[in-house]
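Asks: The structure that follows is given in the form of structure tokens.
In our numbering, the protein residues as written are 52 to 391.
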């Protein structure tokens, strides 16, 4: 056992020694991504046009470790995170392109972006109005109780991601407009609602990405779920893309060990803890730190269940899905959802 523990420490130490500092790039930082200079001017401008309307966020790990820049623009991870012209309708694209070409100031660009966004169904399936529960006659925004046994919870500190997917249907959470955001920071109200609804057995913490939260914020929401009066809560699910976009979250971030201990405590309390990990391509699992993150999470007793949509240009090939699922099973994950 001692030798195994020493090996674990050495392995983690090697990964931590070369852990990068998290560096984020948004629409305002496109010119700071040096590797984009390889692309034609027309493609870089199209990227800027789309990023002026829809949220764009990427980080140094995705840029340096996941994208094969010799294959761009056909590289699947590039397609996954960098804005594409086809993300806007032709008329909307032309209007925003004209505004940028004519030197419109930031306020004018923002106003036009807001106008375009309102036409893009920012809240599909009536997210802000349907299935929002009430407690003592008061609506609880940031929660959804659509299915009898399941409650969705959107913590306000988790309404961002380590990077954004180009296909994201929750893009309205990320554009800085509070009127479009669906979230809450009321951990006490969550506990009160669950106590009043013993039919709920499954809590899904979602976003955004809850795993951008620090360990203290995560614990504020999750630790109360082990209270005796919430013994009907059997499953705690966390929807996350962090295993792809920032696996250092579980390996070398300053509070990585605290997060893993939190998972461990939940499991020891008898909860089934499942990370609902978003993987869209087998490439996302190939780096050593990604594999180490999976191993460390599984060592807590938590289960990693994987999910992905079928995406043109990214994984619309049965060979990609076969290779992805096989890699997930080898690493001890459970292929779970395929969205079509």
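The beta carbon of each residue, even a glycine, is placed where N, CA and C say it ideally should be.
Under a Cβ-count criterion, where at least 16 other Cβ atoms within 10 Å of its own Cβ denotes burial, should residue 361 be classed as buried or exposed?
Replies: Counting from one through the chain shown, the residue named residue 361 turns up at place 310. Exposed: under 16 other Cβ atoms inside 10 Å.
Asks: My understanding is that residue 168 touches residue 101, with C-beta atoms under 8 Å, so please give their C-beta distance in whole angstroms.
Replies: Within the chain shown, the letter at position 117 stands for residue 168. Within the chain shown, the letter at position 50 stands for residue 101. About 12 Å separates the two Cβ atoms, so there is no contact after all.
Asks: If distances are taken between C-alpha atoms only, which option among 383, 195, 99 and 297 comes closest to residue 115?
Replies: Here residue 115 refers to the residue found at position 64 of the chain shown. Of the candidates 383, 195, 99 and 297, the one whose C-alpha sits nearest the C-alpha of residue 115 is 297.
Asks: To the nearest angstrom, how far is it from the Cα of residue 79 to the Cα of residue 86?
Replies: Taking the chain shown and counting its residues from 1, one reaches residue 79 at position 28. Taking the chain shown and counting its residues from 1, one reaches residue 86 at position 35. Spanning the two alpha carbons is a distance of roughly 16 Å.
Asks: Which of the three DSSP states, helix, strand or coil, is assigned to residue 249?
Replies: Within the chain shown, residue 249 is the residue found at index 198, counting from 1. DSSP places residue 249 in coil when its eight states are reduced to three.
Asks: When you compare only the Cα positions, how much space is there between residue 240 and residue 191?
Replies: Sequence index remark: in the chain shown, residue 240 carries index 189 (1-based). Sequence index remark: in the chain shown, residue 191 carries index 140 (1-based). Looking at the two C-alpha atoms, the distance is approximately 8 Å.
Asks: If we ignore side chains and look at the alpha-carbon of each, how far apart do residue 171 and residue 125 end up?
Replies: In the chain shown, residue 171 corresponds to position 120, counting from 1. In the chain shown, residue 125 corresponds to position 74, counting from 1. Their backbone Cα atoms lie some 26 Å apart in a straight line.
Asks: Could you check if residue 225 is buried or exposed, using at least 16 other CB atoms within 10 Å of its CB as the buried criterion?
Replies: Counting from one through the chain shown, the residue named residue 225 turns up at place 174. Answer is buried; the Cβ neighbour count reaches 16.
Asks: Checking 9 Å against the spacing of the C-beta atoms, do residue 339 and residue 291 come in under that value?
Replies: Walking along the chain shown from the start, residue 339 turns up at place 288. Walking along the chain shown from the start, residue 291 turns up at place 240. No, the pair does not count as a contact, with Cβ atoms beyond the cut-off.
Asks: Decide if the region 278-286 is in contact with the region 246-259; the criterion is three or more beta carbon pairs, one per stretch, under 8 Å apart.
Replies: Contact holds: three or more Cβ-Cβ distances are below 8 Å.
Asks: Tell me where the beta strand (DSSP E) around residue 390 begins and ends.
Replies: Position 339 of the chain shown, counting from 1, holds the residue named residue 390. Run containing residue 390: 385-390, per the beta strand (DSSP E) assignment.
Asks: Spatial neighbours of residue 364 within its chain, please: C-beta separation below 8 Å, excluding the five flanking residues on both sides.
Replies: Taking the first residue of the chain shown as position 1, residue 364 is located at position 313. Contacts found: 125, 127 and 130.
Asks: In the structure shown, what three-state DSSP assignment does residue 369 receive?
Replies: Start at 1 with the first residue of the chain shown, and residue 369 comes out as number 318. Correct three-state label for residue 369: helix.
Asks: What three-state label does DSSP hand residue 231 in the structure shown?
Replies: The count along the chain shown starts at 1 and reaches residue 231 at position 180. Bear in mind that a pLDDT of 47 at residue 231, under 50, signals an unreliable position, so the number given afterwards is only what the model happens to contain. Here residue 231 sits in coil by DSSP.
Asks: Would residue 214 pass as an interface residue toward chain D - the criterion being a Cβ-Cβ separation below 9 Å?
Replies: Note that chain D does not occur in the displayed structure, where there is just one protein chain.
Asks: Under three-state DSSP, which class holds residue 337?
Replies: By one-based count along the chain shown, residue 337 stands at place 286. Looking at residue 337 - three-state DSSP - the assignment turns out to be coil, as it is neither helix nor strand.
Asks: Is the region 380-388 touching the region 148-157 in the sense that three or more CB pairs, one from each, lie closer than 8 Å?
Replies: Cβ pair count under 8 Å is below three, so no.
Asks: Return the bridge partner residues of residue 286 from the DSSP annotation.
Replies: As a first step, residue 286 is located in the chain shown; it is residue number 235 there, counting from the start. DSSP lists 253 and 323 as partners of residue 286.
Asks: Excluding five sequence neighbours on each side, which residues of the same chain lie with their C-beta closer than 6 Å to the C-beta of residue 208?
Replies: Sequence index remark: in the chain shown, residue 208 carries index 157 (1-based). Counting only Cβ-Cβ distances below 6 Å, and skipping sequence neighbours, we find 264 and 268.
Asks: Quick test of the definition: if touching needs 3 or more C-beta pairs under 8 Å, does the region 342-356 touch the region 298-311?
Replies: In short, these stretches touch, since the Cβ pair count reaches three.
Asks: Assuming the contact rule is C-beta atoms closer than 8 Å, residue 244 and residue 184 should be a hit. Round their C-beta distance to whole Å, please.
Replies: Taking the chain shown and counting its residues from 1, the one referred to as residue 244 is at position 193. Taking the chain shown and counting its residues from 1, the one referred to as residue 184 is at position 133. The pair is a contact, with the Cβ atoms about 6 Å apart (cut-off 8 Å).
Asks: In whole angstroms, what separates the C-alpha of residue 238 from that of residue 246?
Replies: Start at 1 with the first residue of the chain shown, and residue 238 comes out as number 187. Start at 1 with the first residue of the chain shown, and residue 246 comes out as number 195. Whole-angstrom Cα-Cα distance: 12 Å.
Asks: From residue 187 to residue 242, what does the alpha carbon distance come to, in whole angstroms?
Replies: For this step, residue 187 is matched to residue 136 along the chain shown. For this step, residue 242 is matched to residue 191 along the chain shown. If I take the Cα positions, the gap works out to 14 Å.
Asks: What does the alpha-carbon distance come out to for the pair residue 95 and residue 111?
Replies: The sequence position of residue 95 within the chain shown is 44, counting from 1. The sequence position of residue 111 within the chain shown is 60, counting from 1. The straight-line gap from Cα to Cα measures roughly 18 Å.
Asks: What is the rounded straight-line gap between the Cα of residue 233 and the Cα of residue 181?
Replies: Working through the chain shown from its first residue, we reach residue 233 at position 182. Working through the chain shown from its first residue, we reach residue 181 at position 130. Here the model assigns residue 233 a pLDDT of 49, short of 50, so the residue's position is not dependable, and the following value carries that caveat. If you take the alpha carbons of residue 233 and residue 181, they lie about 12 Å apart.
Asks: Sorted by chain position, which residues of the same chain lie with C-beta nearer than 6 Å to residue 384's C-beta, five sequence neighbours on each side aside?
Replies: The residue you call residue 384 lines up with position 333 of the chain shown. Cβ within range, chain order: 355 and 357.
Asks: Does residue 379 pass the burial test, meaning 16 or more other C-beta atoms within 10 Å, or should it be called exposed?
Replies: Residue numbering aside, residue 379 sits at position 328 when the chain shown is read from its first letter. When all chains shown are included, residue 379 counts as buried.
Asks: How would you label residue 335, buried or exposed, when you count the other beta carbons within 10 angstroms and need 16 or more for buried?
Replies: Translated into positions along the chain shown, residue 335 becomes position 284. Looking at its Cβ environment, which holds 16 or more other Cβ atoms inside 10 Å, residue 335 is buried.
Asks: Under three-state DSSP, which class holds residue 74?
Replies: For the purposes of this step, residue 74 is taken as residue 23 along the chain shown, with counting starting at 1. In this structure, residue 74 counts as coil in the three-state DSSP scheme.
Asks: Could you check which residue in 367, 327, 119 and 307 has the C-alpha nearest to that of residue 289?
Replies: Within the chain shown, numbered from 1, the residue matching residue 289 stands at position 238. That would be 327, whose Cα lies nearest to the Cα of residue 289.
Asks: Please state if the CB of residue 315 and the CB of residue 352 are separated by a distance shorter than 9 Å.
Replies: Numbered from 1 along the chain shown, position 301 holds the residue referred to as residue 352. Numbered from 1 along the chain shown, position 264 holds the residue referred to as residue 315. It is a contact, given that the beta carbons lie within the stated cut-off.
Asks: With a CB to CB cut of under 7 Å and the five nearest residues on each side skipped, what residues in its chain are close to residue 77?
Replies: Residue numbering aside, residue 77 sits at position 26 when the chain shown is read from its first letter. Counting only Cβ-Cβ distances below 7 Å, and skipping sequence neighbours, we find 107 and 108.
Asks: So, is residue 197 buried or exposed, given that buried needs 16 or more other C-beta atoms within 10 angstroms?
Replies: Locating residue 197 in the chain shown gives position 146, counting from the first residue. Classification of residue 197: exposed, given that the 10 Å Cβ count is below 16.
Asks: Just the C-alpha distance for residue 366 and residue 222, rounded to the nearest angstrom, thanks.
Replies: Locating residue 366 in the chain shown gives position 315, counting from the first residue. Locating residue 222 in the chain shown gives position 171, counting from the first residue. Computed Cα separation, rounded: 21 Å.
Asks: Quick one: grab the DSSP three-state call for residue 236.
Replies: In the chain shown, the residue the question calls residue 236 occupies position 185. The answer is coil: DSSP assigns residue 236 none of H, G, I, E or B.
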